[in-house]
Amino acid sequence: MIYGKVVGHLWSTIEEKEFVGKKLLIIEPIDLAAGKLTGETIVAVDTVDAGIGEIVLVVYEGGSARMVLNDEKTSVEAVVVGVVDHVKVEAAI
Amino acid sequence: MILGRVIGKVVATQKDQKLEGAIFRLVQLITHHGKKEGSPVVAVDFVQCGDSDLVYLVKGREASFPWIPEEAPIDLAIVGIVDKMEKLSS
Chain X
1 MIYGKVVGHL WSTIEEKEFV GKKLLIIEPI DLAAGKLTGE TIVAVDTVDA
51 GIGEIVLVVY EGGSARMVLN DEKTSVEAVV VGVVDHVKVE AAI
Chain C
101 MILGRVIGKV VATQKDQKLE GAIFRLVQLI THHGKKEGSP VVAVDFVQCG
151 DSDLVYLVKG REASFPWIPE EAPIDLAIVG IVDKMEKLSS
């Protein structure tokens, strides 16, 4: 799973049918070792009502995404599946 | 999904028969900061986008799913055109 920050929203009217009605978020992965944003971009479908600025968990793999969306034919491969409350690091890397 | 900017099109008359009817676009992948990511790539267009459109794309096996029930050799597909983007001010 990818640990990242919600840095934006996307609006789209012309899209593949399985994207219609889905909320799209822009996620910037976080490098946990360095403790900073990586500068990369992932566009993911939101299933947990995450908001801008929140830290989230993203599955970025087709099989898991299809499972979450309960649709065997969807071409979505990135889904936000959790909002992180806090992280506790208990051992050194 | 990933973000990209359409910068042109690619025409290939002779191609795998499963790609018959496919529209190929030349896309520069970018980050939400607007920074280029690598060299331009070729993607199959499922949304009839045009030059300079900001689009989002699906990578990998899922890229061929819009073509179901046909199975096609597609690994990058344009699945939506971005109308508006709201970003966290930082």
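Residue numbers (the working numbering), protein chains in the order written: chain X, 1 to 93; chain C, 101 to 190.
Positions of the beta carbon are idealized from the N, C-alpha and C atoms, including for glycine.
Item checked: Start and end residues, alpha helix (DSSP H) containing Val48 of chain X -> From DSSP, Val48 of chain X is part of no alpha helix (DSSP H); its letter is neither H nor E.
Next item on the list: Kindly list, in the order they appear in chain X, the residues whose Cβ is closer than 7 Å to that of Arg161 of chain C.
Entry: Gly62
Next item on the list: Compare the C-alpha of Lys75 of chain X against each of C:Leu119, C:Ile178, C:Leu103 and C:Ala163 and name the closest.
Entry: The amino acid at residue 75 of chain X is misidentified as Lys; the sequence shows Ser. When only C-alpha atoms are compared, the closest one is C:Ala163.
Notebook entry, point to check: Can you find at least 3 beta carbon pairs, one from the segment 124-131 of chain C and one from the segment 101-112 of chain C, that sit closer than 8 Å?
Noted result: yes
Check: Between which two residues does the beta strand (DSSP E) carrying Leu188 of chain C extend?
Finding: Segment: none, Leu188 of chain C is in no beta strand (DSSP E) and carries neither H nor E.
Notebook entry, point to check: Between Ala172 of chain C and chain X, is there a C-beta pair that is closer than 8 Å?
Noted result: no
Notebook entry, point to check: Can you tell me the Cα-Cα spacing of Gly121 of chain C and Leu32 of chain X, whole angstroms?
Noted result: 44 Å
Next item on the list: Taking Thr74 of chain X as the query, report the chain C residues whose CB atoms sit under 9 Å from its CB, ordered along the chain.
Entry: Glu162 and Phe165
Margin query: Quick check on Thr13 of chain X - is its C-beta less than 8 Å from some C-beta in chain C?
Written below: yes
Margin query: What does DSSP give as the partner residue(s) for Asp145 of chain C in the beta ladder?
Written below: C:Ile178
Next item on the list: Say whether chain C places a C-beta atom closer than 8 Å to the C-beta of Leu10 of chain X.
Entry: yes
Next item on the list: Could you please give the first and the last residue of the uninterrupted alpha helix (DSSP H) stretch that includes Arg105 of chain C?
Entry: No alpha helix (DSSP H) contains Arg105 of chain C, which is instead part of the beta strand (DSSP E) from Ile102 to Val110.
Notebook entry, point to check: From the beta carbon of Ala33 of chain X, is the nearest beta carbon of chain C less than 8 Å away?
Noted result: no
Next item on the list: Just mark Glu171 of chain C as buried or exposed, buried being the case when its beta carbon has 16 or more other beta carbons within 10 Å.
Entry: exposed
Margin query: Could you check if Tyr60 of chain X belongs to the surroundings of the ligand ATP, using beta carbon to heavy atom distance under 7 Å?
Written below: Absence of the ligand ATP is noted for the structure shown, with no ligands found whatsoever.
Next item on the list: In angstroms with no decimal places, state the Cα-to-Cα distance between Asp46 of chain X and Met185 of chain C.
Entry: 15 Å
Notebook entry, point to check: What is the DSSP secondary structure of Val68 of chain X, counted as helix, strand or coil?
Noted result: helix
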